[in-house]
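Participant: These protein sequences, in sequence, are chains A, B and C.
Residue numbering for the first sequence follows my numbering, starting at 218 and increasing by one per position.
Residue numbering for the second sequence follows my numbering, starting at 1491 and increasing by one per position.
Residue numbering for the third sequence follows my numbering, starting at 1491 and increasing by one per position.
Just so you know, even glycine gets a beta-carbon here, dropped at the ideal spot from N, CA and C.
I am attaching a structure below and will ask some questions about it afterwards.
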Amino acid sequence: MSTPPYEGPVDVLLQLVNSHQVDIFDVPLADMVDAFVAEVASWTEVDLQVLSEFLVVAAVLIELKSRRLLPGSGDIEPDEELVGWEERDLLLARLLECQAYAAAADGFALLIEQAARSVPRTAGLDPDLVVHAPDLLEGVTPDLVAAAFMRATADRPAPVVDLYHVTVDAVTVSDAVAELALRLPRSGPATFRQLTGHLTSRIEIIVRFLALLELCKQGRVSLDQGYAFGDLAVEWVADDSDVVSVGIGPTDEYEG
Amino acid sequence: MPLSPEARAVEAVLVVAVEPVPPGLLAELLEVPAERIDPIVDELIESCRDGERGFEVVRIAGGLRIQTHPDLAPYVERFANVGVSSRLSAAALETLAIVAYKQPVSRAQVAALRGVNVDGVVRLLEHRGYITPVGRAAGPGQAVLYATTDAFLERLGLDRLEQLPPVEDLLPGPEALTELEEQMRPVSDA
Amino acid sequence: MPLSPEARAVEAVLVVAVEPVPPGLLAELLEVPAERIDPIVDELIESCRDGERGFEVVRIAGGLRIQTHPDLAPYVERFANVGVSSRLSAAALETLAIVAYKQPVSRAQVAALRGVNVDGVVRLLEHRGYITPVGRAAGPGQAVLYATTDAFLERLGLDRLEQLPPVEDLLPGPEALTELEEQMRPVSDA
């Protein structure tokens, strides 16, 4: 029996989910930490990256778990409850997708193994074959050769400001705030469903919700929910004159 | 049975080729209409099927090539110091799978799925020529988007990307989904 | 008529061989006595005689090799001209650049840098007279070392190699190589 190598916190979660009927929110955190610590003990060098990733996942699990364990779950704001559901849905989708790609990776390994049993012919042209080919170096200058060398040997890209972590289609709360601040004073009272009916992605709806909270905090809208899980009534309460100067403070950007 | 003159010509070209030769180029060389190439190639493939010869002719990465018959791998391996292709780690394979199915895809998207930083792995895969940048995403950040290459197809022994099993087939079945959902449901009295 | 298993094995080895293969080496690979090789080779030569295939197996320079059948030379030549195109591919140019700046250098060293097998490209460059073997490395294997030729300098309009533009040596340091190696480590349960 060999334990699979540690491939990141998502894999740990997957392994836990796959191995038993483990309630993901009832994951024995102590076991998980033990497994991880055992893994760390076998390292010759400490990998801070892996350590911090593990902390992130552990923190999410602890938060979810404590929310469930704490008495008086009725005190939890319904909207927080909603956010919790979103987290679960996203996590579920991600776990499933990861499972699919792990299966695909196994398939790739098999294909590669099969393909490796055949070796292509790369001998090229018969050496004594007279080929009247045009000069391959036509148009190649010494500078091009130097550039090709740089290209071939530049494994590490020059240090540049790396923006890859900026998500491709980020929707921002400030955008949503601005849009709502334009729409609400004109539309009069509306419900949350009306405000989000045209939105398709979950993250857009969440961002819209956070924007409303932001506006509520600033005293620009009133929010009212008649009963638990009822639709949210939204009303613009600020002076209309405020509209032109929607100077929203620092709002967060959410990755979609 | 001797090969037809056309199949012989194709075979000769494949003998000197160093990478898969696209059928269009073969049609050009033989001066025959493109649709005539497929039967010629089939004849050639057939002539070395069933272990009649030490090599086989295969359609790979959108072209044709000659390669050793798989059952002779022991001799070939002993003879040739085959390539520099060391094995890919599980992490690299999984990243490759995500790029293959989601292409074009950014590093951030792959990282979000795998839950770990994938910069090193992406760099390795790019260095090996299995993936390549194909453009930039619209929107802020303009993340570099990656796609798989012909070298990827060659390494997997595939002719076209469409030969990969559909990702739906790889998803766990409905019962597994239900099970997962069960596990993730909060206690009922919450 | 299918080939014998021994003839198939010899054919497979010749398919991947870049240089003529001495019969002694074939006997070693097949683990048969040296005198058994000649009839096996005869069988293989016979199987592609008389224009049955697009190639032939010949005894040359004390060894055996596969080469295109002479009567198909027009196709092969046309392929060499069209297929290789009139310019070097980016990959071929990079290989040439590495040889130019790192000479004398072995194929394995170039391959390690580029991360792919470069045998075909090196042969192409050698065949066109841009690079040439200049000796052998000390140590095990005694790899052939390549350097650029006068023809290469001439085509670039240079008198001496030193006239190539200076480049900053961007080769990854040992620590980066170790990192790469790490990522290429096979999975533990192999």
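1) So that I know if they touch, is there some Cβ in chain C lying closer than 7 Å to that of B:F1642?
2) Hey, is C:V1595's beta-carbon within less than 7 Å of any beta-carbon in chain A?
3) Between the stretch 1610–1628 of chain B and the stretch 1526–1537 of chain B, are three or more C-beta pairs nearer than 8 Å?
4) Applying a beta-carbon distance threshold of less than 8 Å, which residues of chain B neighbour C:I1535?
5) Residues of the stretch 1491–1504 of chain C with a CB closer than 9 Å to any CB of chain B: list them in chain order, please.
6) Could you check where the beta strand (DSSP E) with C:G1681 kicks off and where it finishes?
7) Kindly list, in the order they appear in chain A, the residues whose Cβ is closer than 7 Å to that of B:A1587.
8) Determine which residues of the stretch 1618–1629 of chain C have a Cβ less than 8 Å from any Cβ of chain B, and write them out in chain order.
9) Return the residue from the list B:L1519, B:G1647, B:T1639, B:A1637 that minimises the CA-CA distance to C:N1571.
10) Exposed or buried, what is B:A1582 when buried is set at 16 or more other beta-carbons lying within 10 Å of its beta-carbon?
11) Hey, B:A1499 and C:G1631 are a contact pair by Cβ (cut 8 Å); roughly how many whole angstroms apart?
12) Using a Cβ-Cβ cut-off of 7 Å, state whether B:V1506 counts as contacting chain C.
13) In whole angstroms, what separates the C-alpha of B:L1661 from that of B:V1600?
14) Out of curiosity, what's the CA-to-CA distance linking A:D386 and A:F426?
15) So, does the CB of C:T1558 fall closer than 7 Å to a CB anywhere in chain B?
16) What is the DSSP secondary structure of C:V1595, reduced to helix, strand or coil?
17) Kindly list the residues whose CB is nearer than 7 Å to the CB of C:R1675, restricted to its own chain and excluding five residues on each side of it in sequence; keep chain order.
18) Starting from the Cα of C:P1510, find the closest Cα among C:E1521, C:Q1557, C:P1523 and give me that residue.
19) How close, in whole Å, do the beta carbons of C:A1633 and C:R1604 come, if the pair is a contact with beta carbons under 8 Å?
20) Mind pulling the chain A residues with CB within less than 8 Å of C:L1635?
21) Only counting the same chain, and skipping five residues up and downstream in sequence, which positions put a Cβ closer than 7 Å to that of B:I1527?
22) Please compile the residues from chain B whose C-beta is within a distance smaller than 8 Å of the C-beta of A:L246.
23) Please decide whether A:V336 counts as near chain C, where near means a Cβ-Cβ distance under 7 Å.
24) For A:A455, would you say it is in contact with chain C, using Cβ-to-Cβ distances shorter than 7 Å as the test?
25) Using DSSP bridges, identify the partner residues of A:L449.
26) Tell me which residues share the same chain as B:L1649 and place their Cβ nearer than 6 Å to its Cβ, disregarding the 5 neighbours each side in the sequence.
27) Locate the alpha helix (DSSP H) running through B:R1682, then write down its first and last residues.
28) Verify whether the separation of the beta carbon atoms of C:I1588 and A:A369 is less than 7 Å.
29) Tell me where the beta strand (DSSP E) around C:E1635 begins and ends.
30) So, helix, strand or coil for C:P1529, using DSSP?
31) Out of curiosity, what's the CA-to-CA distance linking B:H1559 and B:A1502?
32) In this structure, does DSSP put C:P1510 in helix, strand or coil?
33) Just the Cα atoms here: how many angstroms apart are A:F325 and A:P406?
34) Measure from the C-beta of C:E1584 to each C-beta in chain B and report whether the shortest distance is under 7 Å.
35) Using a 10 Å radius around the Cβ and a threshold of 16 neighbouring Cβ atoms, would you call A:Y318 buried or exposed?
36) Does the Cβ-Cβ distance between A:G341 and B:V1508 come in under 7 Å?
Facilitator: The structure says:
1) no
2) no
3) no
4) Correct list: empty, because the minimum Cβ distance to chain B is about 13 Å.
5) M1491, P1492, L1493, P1495, A1497, R1498, A1499, V1500, E1501, A1502, V1503, L1504
6) Here chain C comprises residues numbered 1491 to 1680, so residue 1681 of chain C is not present and cannot be evaluated.
7) Y318, A321, A322, F325
8) none
9) B:L1519
10) buried
11) Rounded, the Cβ-Cβ distance is 38 Å, inconsistent with contact.
12) yes
13) 17 Å
14) The pLDDT assigned to A:D386 is 49, lower than 50, so where the model puts this residue is not dependable; a value taken from the coordinates is nonetheless given after this. If I take the Cα positions, the gap works out to 18 Å.
15) yes
16) strand
17) The pLDDT assigned to C:R1675 is 45, lower than 50, so where the model puts this residue is not dependable, and the model offers no usable value.
18) C:Q1557
19) Incorrect: roughly 16 Å between the Cβ atoms, too far for contact.
20) Within chain A, no residue comes near C:L1635; the closest Cβ sits about 18 Å away, beyond 8 Å.
21) P1513, L1516, A1517
22) Chain B residues near A:L246: none, gap ~15 Å exceeds 8 Å.
23) yes
24) no
25) A:Q442
26) The residue you asked about is not Leu; residue 1649 of chain B is Asp in the sequence shown. Excluding residues within five positions, the ones whose Cβ falls inside 6 Å are R1549, I1550.
27) This structure gives no information on residue 1682 of chain B, because the portion of chain B shown stretches from 1491 to 1680.
28) yes
29) One point to set straight first is that residue 1635 of chain C is Leu, not Glu, in the sequence displayed. Note, C:L1635: beta strand (DSSP E), 1634–1638.
30) helix
31) 18 Å
32) coil
33) 55 Å
34) no
35) buried
36) yes
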